[in-house]
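Engineer:
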Amino acid sequence: AQSVTQPDIHITVSEGASLELRCNYSYGATPYLFWYVQSPGQGLQLLLKYFSGDTLVQGIKGFEAEFKRSQSSFNLRKPSVHWSDAAEYFCAVGVSGGYNKLIFGAGTRLAVHP
Amino acid sequence: EAGVAQSPRYKIIEKRQSVAFWCNPISGHATLYWYQQILGQGPKLLIQFQNNGVVDDSQLPKDRFSAERLKGVDSTLKIQPAKLEDSAVYLCASSFPGQRVQFFGPGTRLTVL
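From first to last, the protein sequence lines stand for chains A and B. Using my numbering, the first residue of the first sequence is number 1330, and each one after it goes up by one. Using my numbering, the first residue of the second sequence is number 5, and each one after it goes up by one.
1) Any idea if V58(B) is buried or exposed, counting beta-carbon neighbours within 10 angstroms, 16 or more meaning buried?
2) Just curious, the beta strand (DSSP E) that Y14(B) is in, first and last residue?
3) Rounded to the nearest angstrom, what separates G1382(A) and Q103(B) at their Cα positions?
4) Which of the three DSSP states, helix, strand or coil, is assigned to R1351(A)?
5) Using 9 Å as the threshold, is the C-beta distance between L1350(A) and R1398(A) below it?
6) Against K1378(A), what residues of chain B qualify as contacts under a CB-to-CB distance less than 8 Å, listed in chain order?
7) In chain order, which beta strand (DSSP E) runs of at least 3 residues are fully inside the segment 32 to 106 of chain B?
8) For G1436(A), I'd like the list of residues in its chain whose CB is within less than 7 Å of its CB, leaving aside the five on either flank, ordered along the chain.
9) Let me know if N1429(A) comes out buried or exposed under the rule of 16 or more other beta-carbons within 10 Å of its beta-carbon.
10) Could you check the C-alpha separation between N1404(A) and R113(B) for me, to the nearest Å?
11) Looking at the strands, I want to know which residues DSSP matches up with V116(B).
Structural data, given as structure tokens:
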């Protein structure tokens, strides 16, 4: 069965520090992968997506993610974190074929210290 | 372009009461999704519509949850009767048919006392 694991429930970084959020997926076919961000009281906003091609994808707000098939991973990175990046981050895998179902991880809550 | 609209934003009810949530997707988005997000978990798909037809409701607790999309545009999700474990954020999302990116609304936070 398809699944997504985000090993880190909470992460705290200092403003200006680099960030990496981990995501591992389990899926038998070529995955469609997404990172969404959720600020308090808000819905989910798409940061970036991977469908095919270049395994390093760029997203909004200075985020990037790298797809590594051999490790079944799709880690999210940002070189310098801003206080406004504090939020919850969700990795998701899209089931190919069928009806475009998304399977989400449990999320990583990011806190940013000044 | 207007985003996905949901109402109400917050709802508090007693257990065994009924409640309904409304969603209006982005114009032209024929595919509509309802997700349940329990505190500390990622969203879980409850039901998916293509126009006004259900294409996936495998995770919907059908003994108490129902959803409709009568004219293929806006949708209503109902819980009757509510249980304590239904406390969650209910998210609506929409997409163009065949497109994999889903756009989410702000959600309705339900508290069942």
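No residue lacks a Cβ here, since even glycine has one placed at the ideal position from N, Cα and C. These figures come from a predicted structure and were not determined experimentally.
Structural biologist: This is what the structure gives:
1) On the second sequence, position 54 is the one that residue 58(B) refers to. Exposed: under 16 other Cβ atoms inside 10 Å.
2) Within the second sequence, the letter at position 10 stands for residue 14(B). DSSP places Y14(B) inside the beta strand (DSSP E), whose first and last residues are 14 to 17.
3) Translated into positions along the first sequence, residue 1382(A) becomes position 53. Translated into positions along the second sequence, residue 103(B) becomes position 99. Rounded to whole angstroms, G1382(A) to Q103(B) spans 17 Å at the Cα level.
4) Within the first sequence, numbered from 1, the residue matching residue 1351(A) stands at position 22. In the structure shown, R1351(A) falls within a coil segment according to DSSP collapsed to helix, strand and coil.
5) In the first sequence, the residue the question calls residue 1350(A) occupies position 21. In the first sequence, the residue the question calls residue 1398(A) occupies position 69. No, the Cβ-Cβ distance between L1350(A) and R1398(A) is not below 9 Å.
6) Counting from 1 along the first sequence, the entry for residue 1378(A) is found at position 49. Chain B residues near K1378(A): R104, V105.
7) Here the runs fully enclosed are 35 to 41, 48 to 54, 57 to 60, 69 to 72, 79 to 83, 92 to 99.
8) Within the first sequence, the letter at position 107 stands for residue 1436(A). Non-local beta-carbon contacts of G1436(A) in its own chain, meaning distances under 7 Å to residues more than five positions away in sequence, involve Q1335, E1417, Y1418, F1419 in chain order.
9) By one-based count along the first sequence, residue 1429(A) stands at place 100. Per the 10 Å Cβ criterion, buried.
10) Here residue 1404(A) corresponds to residue number 75 of the first sequence, with the count starting at 1. Here residue 113(B) corresponds to residue number 109 of the second sequence, with the count starting at 1. Using only the alpha carbons, I get a separation of about 29 Å.
11) Residue numbering aside, residue 116(B) sits at position 112 when the second sequence is read from its first letter. Answer is I17(B).
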